[in-house]
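Everything on this sheet refers to the single structure shown next.
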Amino acid sequence: MDGCLLLFDIDGTLIDAGGAGVGAIRLAARDLYGDQIAVPELDVRGTTDAALARKLLPAMGAEVTPDSIAQLYEAYLVRLREKFQEESSEAIILPGVLELLDILRKEGVTMGLLTGNIEAGAWIKLESFGLDQYFSFGAFGDEHPERDKLGPEALAAAERVHQRRFSPVASVVIGDTPRDISCGRVIGASTLAVATGAYSIEELSAHDPTLAVRSLEELEAVLDLVAGCSRANAPDSGPGDSSA
Ligand SMILES: [Mg+2]
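Add 8 to the 1-based position in the sequence shown for the working numbering, that's all there is to it.
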């Protein structure tokens with residue numbers, strides 16, 4: 009399976025942050041713009057932090073500028089760290105995740121992140137569970153409001169870090185929302201949808217992923233998919249050869 013590249017979403021896929029992310033961004037908005045401010049409801053499913061910032065700032069009467077975005081991210085990271093340290097934190101690792109990551113690592117599968125989280129926030133979330141040890145690169149939601157832009161970045165990051173080429177047809181994008189499925193399809197990767205987030209397996213299946221599972225505890229099916237992708241990674245296959 010060592011020819012395969014797996015790109016994991018974080019929230020709803022590896023962990024359930026127990027509302028810590030949304031809570032932190034709402035607190036950050038109040039820290040910056042005052043307690044009286046009405047923070048709008050946020051649908052964070054499959055979105056990117058860059059998109060959230062562009063939605064939040066105007067709602068608070070702020071201009072969207074590189075500075076205002078950076079300030080919001082900074083305040084968010086302070087609150088996010090606090091949230092994950094709270095005793096009342098309800099954040100958990102999702103079922104099957106640790107076992108799967110351990111097997112994949114033993115098999116030599118390359119694993120990266122493809123997440124809407126800003127990079128610093130992603131590492132805070134993963135470090136709080138020791139999951140950071142499995143990942144050394146990724147594409148993050150710092151700059152791109154559209155998740156679909158992150159796939160090519162993740163492939164490029166994998167190639168930079170591992171000094172070798174990864175074929176999209178030998179890659180799998182794993183996530184819990186229709187946006188993850190779309191993002192994988194854009195680069196011609198296989199897609200694994202996991203119903204441990206905000207969408208049911210029926211809702212995810214309607215978007216036609218390569219495989220949909222109720223949780224990553226469905227190890228056999230997941231490993232079959234990975235093995236299939238690995239076989240697809242013929243030596244001369246590459247983006248130019250893909251029919252996707
Ligand atoms: Mg997610």
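Heads up, the beta-carbon is just placed ideally off N, CA and C, and yes, glycines get one too.
Any non-hydrogen atom of ligand 1 within 6 Å of residue i CB
i: Asp-150; result: no
i: Asp-24; result: no
i: Asp-17; result: yes
i: Thr-21; result: yes
i: Gly-205; result: yes
i: Asp-57; result: no
i: Asp-184; result: yes
Proximal residues to residue i (C-beta, below 7 Å), its chain only, five neighbours per side dropped
i: Arg-34; result: Val-47
i: Asp-244; result: Summary for Asp-244: the model assigns pLDDT 49, below 50, so the residue's position carries little reliability; its value from the coordinates is reported in the next sentence. Hits under 7 Å: none found.
i: Pro-217; result: Ile-189, Thr-199, Leu-200, Ala-201
Residue i and residue j closer than 7 Å at C-beta
i: Pro-186; j: His-215; result: yes
i: Cys-25; j: Asp-19; result: Per the sequence presented here, residue 25 reads as Ala, with Cys not at that position. Yes, Cβ-Cβ distance for Ala-25 and Asp-19 is below 7 Å.
i: Leu-224; j: Val-105; result: yes
i: Leu-40; j: Ala-83; result: yes
i: Ala-143; j: Leu-121; result: Note that residue 143 is Phe in the sequence shown, not Ala. For Phe-143 and Leu-121, yes; Cβs fall inside 7 Å.
i: Arg-193; j: Ile-209; result: no
i: Ala-36; j: Arg-87; result: yes
i: Ala-235; j: Met-9; result: yes
i: Val-72; j: Leu-64; result: no
i: Ile-111; j: Phe-137; result: no
i: Gly-149; j: Gly-116; result: no
i: Ala-99; j: Ala-203; result: no
i: Leu-85; j: Ala-128; result: yes
6 Å CB neighbourhood of residue i in its chain, flanking five on each side removed
i: Arg-53; result: Thr-185, Ala-206
i: Cys-237; result: Cys-12, Ala-178, Val-180, Ser-198
i: Ile-77; result: Ala-61
i: Leu-134; result: Asp-140
Cβ-based neighbour list, residue i, same chain, cut-off 8 Å, excluding 5 preceding and 5 following
i: Leu-163; result: Leu-13, Phe-174, Pro-176, Ser-179, Ile-195
i: Cys-191; result: Leu-122, Arg-155, Asp-156, Leu-158, Gly-159, Val-181, Gly-183
(request) Taking 8 Å as the threshold, find out whether the region 167-180 comes into contact with the region 42-50 through three or more Cβ pairs. (result) no
(message) Using 8 Å as the cut-off, can you tell me whether the region 58-73 makes contact with the region 142-159, which would need three or more C-beta pairs spanning the two stretches below that distance?
(response) yes
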